[in-house]
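Note sheet for the following structure.
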Amino acid sequence: MVDKIKKWLELFAAQLHEKKTYLSELDSAIGDGDHGNNMARGADFLLKSLDQSGDTSAVFKNAAMALLSKVGGASGPLYGSALLALSKKAGETDDRSEWIAAGAEAIAHRGKSEAGDKTMLDVWLPVQKALADGTLTHEKIDAFVAETKSLKAKKGRASYLGDRSVGHIDPGAQSSGYLFHAFLEAGADHA
Amino acid sequence: MVDKIKKWLELFAAQLHEKKTYLSELDSAIGDGDHGNNMARGADFLLKSLDQSGDTSAVFKNAAMALLSKVGGASGPLYGSALLALSKKAGETDDRSEWIAAGAEAIAHRGKSEAGDKTMLDVWLPVQKALADGTLTHEKIDAFVAETKSLKAKKGRASYLGDRSVGHIDPGAQSSGYLFHAFLEAGADHA
Amino acid sequence: MLIMPEIGILLVSHVREIGDGVLRLLKEVAGDVTIKAAAGTEDNGVGTSFDRINEAVTSFEEPRIWAFYDLGSAKMNLDLVSETTDKNLEIQDVSFVEGAYVAAAMLQANASEDSIHSELKPLKIK
Amino acid sequence: MLIMPEIGILLVSHVREIGDGVLRLLKEVAGDVTIKAAAGTEDNGVGTSFDRINEAVTSFEEPRIWAFYDLGSAKMNLDLVSETTDKNLEIQDVSFVEGAYVAAAMLQANASEDSIHSELKPLKIK
Ligand SMILES: Nc1ncnc2c1ncn2[C@@H]1O[C@H](COP(=O)(O)OP(=O)(O)O)[C@@H](O)[C@H]1O
Ligand SMILES: Nc1ncnc2c1ncn2[C@@H]1O[C@H](COP(=O)(O)OP(=O)(O)O)[C@@H](O)[C@H]1O
Ligand SMILES: [Mg+2]
Ligand SMILES: [Mg+2]
Ligand SMILES: [Mg+2]
Ligand SMILES: [Mg+2]
């Protein structure tokens, strides 16, 4: 199992690297323009420090600490908290929808955010639901990301833009989209 | 007349220089410890830029701009505003108590302060009154300064000290004491 | 796309580094807003300088300037400048970093003045 | 004369210069209070660093730390640190510069905690 998890995180990191410029462009429109750089910095360190002990919880924990240490932006503690929650949950169950539920809950707790606030949570929550239903696909992930366009930001830097945040994809939702594409691609969505 | 005014400001500046350390010590007890340095810096520039046109209003105005430019602390805009008011008043009347009243009013306006707040105003106001009564003496000036000891600070940095500000002389009251000693010494208290 | 904002932002602080740092923070979200700092005394000590503030105010091309400041004595210098300048200097009595950040982000987004003021209102602490 | 305060102050900002500058401002009125800054990312970019904050927290000798921060994402890192550290980290949701200044000045003056909190209360904007 742990190999799929490592594969997942490696694919995610590679994608963050490839889409660095695009993610920062999304953040320029409704934030401070650093989300791509933030995540790419975290991804580098995540790859370098990937746990090799063979323990899934340890892999998540190391990845969490890497993002926490290097990301710099709000997404650092948010992804960090989510991955810490996954690390804990992976020690209790193999049910992937429970893992993702724990991650989403950690994000909501850390960010004091909820569904519809136009954040990464608006990808995590519907992904979790689809996963529980056994209906998660790449197309659905893209749709969840795209749907953040129509939302008005209520949390994070974009919230000061009010109505002007509408019409733009949330950068953290987009990077979370990459996370879940990698999840499917690595086959990490089942034990 | 203008010679007495210049003498006044020169004596004041000399005194600020001599008492620089003491003024900063007073400010260390209930503020940030820079009042002596602030005023000495202003005094240097005041001496250097003393107006030589022979016009009393111009002398005050130049002195005001010198203190405004160089003092740095709250006392800069406060003394600056007071001297600007004196500059204006000197163009209208020779009555010294009216001059000092205008100066006190400018300080109160600039600092949004009033009698009893434990500031320089607690020297300016009683000096003005004594001057109007024709009873101003060096001893009285010292007494006004000393009386700020018993007050609790309500304005400026010292205000955060609450009761702990009691028992200390206010540094701006002390420097204003020097101003008025110089005023008497230069014979600037009468036309 | 972005209409040149007619409002510039002035940051008045007692410490040079604070002014420079807040400017850097705001520039990340407000690249098109004119933002200037007047911070510290002329010899870079802790304090504010009427001259520095006055020069900064004069140098704006925008007809209106929103000024943010850290501590009370900075406000006294600002008041004095506003009494002597031709510029439309609007002193904002809101929390320094947070208030300036909100104003910069919203000016960049061409938000209406009303909506900016209503975001700033809960930050009024002075 | 001054009793060693049992409370230290931590300044968490997105920008290195802001942290350093506020530290300088506070030190003028609170020479005996332990004040530390954890500001900017590890490569001195704009952001906050969990590691930097965590290291700063660990390095305090005081049993209690009052933390002040500029923007919301700094708070998230602080929350995370406070959940993992042994230290008593008390996050102050007040305006950054103004709140930290008041706290520092009053801690230096050995003011009672109650009186400090009542001065901080009107500065609560977060
Ligand atoms: N309070 C919050 N709750 C959930 N997600 C948030 C919150 N604040 C920000 N985010 C997410 O973080 C993303 C921005 O990350 P990033 O640009 O790296 O951080 P920063 O805004 O500090 O520069 C947003 O697009 C959003 O998805
Ligand atoms: N609001 C105010 N109204 C009147 N006087 C004030 C006010 N604030 C400060 N002062 C005076 O200024 C003096 C402090 O000056 P100084 O130390 O040079 O400035 P700062 O406090 O900015 O370091 C105080 O002792 C007090 O007399
Ligand atoms: Mg960002
Ligand atoms: Mg950022
Ligand atoms: Mg002082
Ligand atoms: Mg000072």
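Protein chains in written order, with our numbering: chain A, 1283 to 1473; chain B, 1283 to 1473; chain C, 67 to 192; chain D, 67 to 192.
Yeah, the Cβ is synthetic: ideal placement off N, Cα and C, and Gly gets one too.
Nothing here was measured: the structure is a model prediction, and the numbers come from that model.
A:K1394 carries a coil assignment under DSSP once its states are collapsed to helix, strand and coil.
In chain order, R1392 make up the part of chain A whose C-beta sits under 7 Å from the C-beta of D:D145.
In chain order, the residues with a C-beta atom nearer than 6 Å to some heavy atom of ligand 5 are B:D1309, B:G1313, B:D1314, B:D1316, B:H1317, B:G1355. At a Cβ-Cβ threshold of 8 Å, A:G1393 and D:M142 count as neighbours. At a Cβ-Cβ threshold of 8 Å, A:G1358 and A:L1368 do not count as neighbours.
A heavy atom of ligand 1 is found nearer than 7 Å to the CB of A:V1353.
Considering only C:S181, C:S178, C:V168, the residue with the shortest C-alpha distance to C:E94 is C:V168. When Cβ-Cβ separations below 8 Å define contact, C:P188 makes contact with chain D. Of the residues A:L1332, A:R1323, A:S1335, the one whose Cα lies closest to the Cα of D:S115 is A:R1323. In the three-state scheme derived from DSSP, where H, G and I count as helix and E and B as strand, C:N176 is classed as coil. Check the Cα spacing between C:Q158 and each of C:W132, C:N176, C:A175: the tightest is with C:W132. In the structure shown, the three-state DSSP call for C:S115 is coil. Spatial neighbours of B:G1454 in its own chain (CB-CB distance under 6 Å, excluding positions within 5 residues in sequence) are listed in chain order as S1357, T1401, M1402. Taking a beta-carbon distance threshold of 8 Å, B:G1398 does not count as an interface residue toward chain D.
With a contact defined as Cβ atoms closer than 8 Å, C:V78 and C:A104 qualify at about 5 Å.
As DSSP reads the structure, D:E156 sits in a beta bridge with D:W132. In chain order, F116, S139, M142, N143, D145, L146 make up the part of chain D whose C-beta sits under 8 Å from the C-beta of A:P1359. In this structure, A:R1439 has its CB closer than 7 Å to one or more heavy atoms of ligand 3. At a cut-off of 8 Å between beta carbons, B:G1354 makes no contact with chain D. Listed along chain C is no residue with a C-beta nearer than 7 Å to that of B:G1324; the closest approach is about 11 Å. C:T100 sits close to C:F126, with the two beta carbons spaced by under 8 Å.
For D:V112, the distance from the CB to the nearest heavy atom of ligand 4 is below 7 Å. Not a single C-beta of chain C is nearer than 8 Å to the C-beta of D:F134.
Around the C-beta of C:S184, fewer than 16 other C-beta atoms lie within 10 Å, and the residue is accordingly described as exposed. Taking B:G1459 as the centre and dropping the five residues before and after it, the same chain places the C-beta of V1405, I1423, D1424, F1426, V1427 closer than 8 Å to its C-beta, in chain order.
The C-alpha of B:A1296 lies about 13 Å from the C-alpha of B:L1305. Using a Cβ distance threshold of 8 Å, B:A1386 and B:L1365 do not count as a contacting pair. Note on geometry: alpha-carbon atoms of B:L1413 and B:E1300 lie some 26 Å from one another. CA-to-CA, the gap between D:T107 and D:G113 works out to about 5 Å. At least one heavy atom of ligand 2 lies closer than 7 Å to the C-beta of B:G1393.
In this model, B:S1395 and B:R1446 are separated by some 19 Å (Cα to Cα).
At a cut-off of 4 residues, the continuous stretches assigned as alpha helix (DSSP H) that sit fully inside the region 1407-1437 of chain A are 1420-1429. Taken through DSSP and simplified to helix, strand or coil, C:V95 comes out as coil. Look at B:G1454: its beta carbon is less than 7 Å from one of the heavy atoms in ligand 2. Under the 10 Å beta carbon count, C:A170 is surrounded by 16 or more other beta carbons and is classified as buried.
Taking D:E72 as the centre and dropping the five residues before and after it, the same chain places the C-beta of E128, P129, R130 closer than 8 Å to its C-beta, in chain order.
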